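Chains as they are written, first to last, in my numbering: chain W, 50 to 341; chain P, 271 to 552. Cβ atoms here follow ideal geometry from the backbone N, Cα and C, with glycine treated the same way. Treat the numbers as computed from the prediction; the structure is a model and nothing was measured. Here the structure comes first, spelled out in structure tokens, and everything after it is commentary.
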Amino acid sequence: MKRTIFSNQLLPWLLLAPQLVITFVFFLWPAGQAVRQSFLREDAFGTRTAFVGLENFARLWGSPEYLNSLQVTAVFAISVTVLSMGLSLLLAIAVDRMIRSTRVYTTLLVWPYAVAPAVAGILWWFIFNPTIGIMPYLLGGFGYDWNHIQDKGDAMTLVVIASAWKQISYNFLFFLAGLQAIPASLREAAAIDGAGPVRRFFDITFPLLSPTTFFLLVVNIVYAMFDTFGVIDATTEGGPAQATNIMVYKVYFDGFVGQNLGSSAAQSVVLMVLVLVLTVIQFRYVEKKVAY
Amino acid sequence: MIENRPILNLLAHLTLILGVCIVALPVWVAFVASTHGPTAFMSGTIPMWPGDQMIANYSQMLGAGVSTSGTPPVGVMMFNSMIMALSIAIGKIVISVLSAFAVVYFRFPFRGLAFWCIFITLMLPVEVRIVPTFQVVADLGMLNSYAGLSIPLIASATATFLFRQVFLTIPDELTEAARIDGAGPMKFFRDILLPLSRTNIAALFVILFIYGWNQYLWPLLITTSSDYYTIVAGIKRMADAVDGLPQWHLVMATAMLAMIPPVIVVVAMQRLFVKGLVETEK
Numbered sequence: 050m051k052r053t054i055f056s057n058q059l060l061p062w063l064l065l066a067p068q069l070v071i072t073f074v075f076f077l078w079p080a081g082q083a084v085r086q087s088f089l090r091e092d093a094f095g096t097r098t099a100f101v102g103l104e105n106f107a108r109l110w111g112s113p114e115y116l117n118s119l120q121v122t123a124v125f126a127i128s129v130t131v132l133s134m135g136l137s138l139l140l141a142i143a144v145d146r147m148i149r150s151t152r153v154y155t156t157l158l159v160w161p162y163a164v165a166p167a168v169a170g171i172l173w174w175f176i177f178n179p180t181i182g183i184m185p186y187l188l189g190g191f192g193y194d195w196n197h198i199q200d201k202g203d204a205m206t207l208v209v210i211a212s213a214w215k216q217i218s219y220n221f222l223f224f225l226a227g228l229q230a231i232p233a234s235l236r237e238a239a240a241i242d243g244a245g246p247v248r249r250f251f252d253i254t255f256p257l258l259s260p261t262t263f264f265l266l267v268v269n270i271v272y273a274m275f276d277t278f279g280v281i282d283a284t285t286e287g288g289p290a291q292a293t294n295i296m297v298y299k300v301y302f303d304g305f306v307g308q309n310l311g312s313s314a315a316q317s318v319v320l321m322v323l324v325l326v327l328t329v330i331q332f333r334y335v336e337k338k339v340a341y
Numbered sequence: 271m272i273e274n275r276p277i278l279n280l281l282a283h284l285t286l287i288l289g290v291c292i293v294a295l296p297v298w299v300a301f302v303a304s305t306h307g308p309t310a311f312m313s314g315t316i317p318m319w320p321g322d323q324m325i326a327n328y329s330q331m332l333g334a335g336v337s338t339s340g341t342p343p344v345g346v347m348m349f350n351s352m353i354m355a356l357s358i359a360i361g362k363i364v365i366s367v368l369s370a371f372a373v374v375y376f377r378f379p380f381r382g383l384a385f386w387c388i389f390i391t392l393m394l395p396v397e398v399r400i401v402p403t404f405q406v407v408a409d410l411g412m413l414n415s416y417a418g419l420s421i422p423l424i425a426s427a428t429a430t431f432l433f434r435q436v437f438l439t440i441p442d443e444l445t446e447a448a449r450i451d452g453a454g455p456m457k458f459f460r461d462i463l464l465p466l467s468r469t470n471i472a473a474l475f476v477i478l479f480i481y482g483w484n485q486y487l488w489p490l491l492i493t494t495s496s497d498y499y500t501i502v503a504g505i506k507r508m509a510d511a512v513d514g515l516p517q518w519h520l521v522m523a524t525a526m527l528a529m530i531p532p533v534i535v536v537v538a539m540q541r542l543f544v545k546g547l548v549e550t551e552k
């Protein structure tokens, strides 16, 4: 809290005005519309709307497609998070051992952060292209017939790899920062007591890294659920047979392509509640620094 | 490092080299593809080494584009992306720094409410409220315009928080001294606050530029006129070739061009970028 403050009354509102106007027009108003629309149903011509209460939500829970989408989102988010966090932790530990070459390796590893998810999707889509891609060719050598256009599992693998690839650099930077914040004296003391590198990792490094890990866990789940729209749209478009139709993609698809506004709005509201929960978790636990 | 174990060091280097290779693989493949002519993709697998069509492909994309895909030349799309990224980055910084100043240095009624209104934008990614936001922008007549591309994405709770944190660490004595010297709030803001947060502004700029450049769904929806296509959204339109197979060599050349500006920004500004990332997110 500042002790010294300025006493003007009008000025702060003028300073806040641009932010508040944009927030209201492009965030709060549309969000309110989504909530309102989630209780309405339009007829086929969009001429009449009727208040239907929670029917749109009830329909979601009765819709096999939506339940499938929930499941797909969960599998996708967990796979992306585990894969990208696992790889980046490994890379961060390796870089943390380095004395001279830290900067070079860091530079070589951080740039995928700058690549758009949609472009990442296009790149991996090309690599995995069933007719000319290099990966199907290599996999064919092992007797595996890759085809993400028809095979559900292959399609999911493709979007998971593309999304996780894009997120490695981000996780890597945070893990590295977390590792470098651990006092060397702790590990030295353990080494003197005869603890080997593996023992030291599990008894000292990993517990001390838990705030970073938890923070990244939440961030990665949010990323996989909301920022991977471009990956999905540029590669599988939710297919084949709904296999990669994550919730964010379904909101867009049902709203814009299917013109089913009531259902799309109800899905938006469900997603808003999810982001709300994740944001609150992030703020409550991360701000208080989970340390064990 | 605690003790010298050559085997572990070797293992670490091997892990990293393998990691760098995996991370670079898709870009290498895309680069190679972008240097071949169309016939290289007719049959079999893609070549692993660069071909001789690099200059031809890139100059075709930058200058003329692919007429059949309905997208403008890449040069136009990169220009649009640049405008969008710069507007978003500068716009976000300006409105956030102003509102953080208001929240930290003034006491006024409904201050808490205003702060919460900004905070709540954290929870509403554009993808989530996409249909109603599109309707608002359409009602305001902002489809197919630079304003429509950038203004709806400009509000930013994270940037406001970052500046709030920065301002809270600036000692009260400085404000007092400025007031004793007769400086009004705006003079204090311009002459003391802004210069003191220069590095934070620069760091945030790097992140927001990339955020703006990489936008995909929003430009895809609100631009129907090819004059306003951005490059990231344009790639998808090119890859969805109307007649048959995508022209891989040209799609990949476009992907390379779409990556170059943000990657340069990250690599060149690495120190600032890391600072901005760690401070905004944590």
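Residues of chain P whose Cβ lies closer than 7 Å to the Cβ of L222 (chain W) are, in chain order, V544 and L547. With respect to chain W, the C-beta atom of N484 (chain P) has a partner C-beta closer than 8 Å.
Take V144 (chain W), set aside five residues on each side of it, and the residues of its chain with a beta-carbon closer than 7 Å to its own are T151, Y154, T155 and L225, in chain order. Contact annotation for N279 (chain P) against chain W: R146 and M147 [CB-CB distance below 9 Å, chain order]. S304 (chain P) has its alpha-carbon roughly 6 Å from the corresponding atom of M324 (chain P).
Beta-bridge pairing by DSSP links R90 (chain W) to W:A99. In the structure shown, F191 (chain W) falls within a coil segment according to DSSP collapsed to helix, strand and coil. Interface residue (Cβ-Cβ distance to chain P less than 8 Å): I54 (chain W) is classified as such. Between the alpha carbons of G279 (chain W) and A448 (chain P) lies a distance of about 49 Å.
In the assembly as shown, K457 (chain P) is an exposed residue. Its beta-carbon has fewer than 16 other beta-carbons within 10 Å. Secondary-structure assignment with DSSP links F55 (chain W) through a beta bridge to P:F376. The C-beta distance from W160 (chain W) to P179 (chain W) rounds to 29 Å, too long to meet the 8 Å contact threshold. Just so you know, the alpha carbons of M318 (chain P) and G227 (chain W) end up roughly 38 Å apart. Taking 8 Å as the cut-off, the Cβ atoms of F475 (chain P) and I363 (chain P) count as close. F175 (chain W) and A300 (chain P) do touch by the CB rule: their CB atoms are close to 7 Å apart, below 8 Å. Distance between I390 (chain P) and F437 (chain P), taken at the CA atoms: about 21 Å. Note on geometry: alpha-carbon atoms of V544 (chain P) and F223 (chain W) lie some 9 Å from one another. Within chain W, the residues whose beta carbon sits less than 9 Å from that of W518 (chain P) are F175, N178 and I181, listed in sequence order. Just measuring C-alpha positions, the residue of W:N294, W:A290 and W:K215 sitting nearest Y162 (chain W) is W:K215. For Q405 (chain P), the enclosing alpha helix (DSSP H) begins and ends at I400 to D409.
Taking the Cα positions, P342 (chain P) is about 18 Å away from W488 (chain P). The Cβ of A204 (chain W) sits no closer than 8 Å to any Cβ of chain P. Using a 10 angstroms sphere on the CB of C291 (chain P), the tally of other CB atoms stays under 16, which defines it as exposed.
Within 7 Å of the CB of L392 (chain P), the CB atoms of chain W belong to T328, in sequence order along the chain. Within the same chain, P532 come within 6 Å of I480 (chain P) by CB-CB distance, once the 5 residues on both sides are set aside. For W110 (chain W), the uninterrupted alpha helix (DSSP H) run begins and ends at E104 to G111, by DSSP. Within the same chain, Cβ atoms closer than 6 Å to the Cβ of F275 (chain W) are found at V297, the five residues on either side in sequence being excluded.
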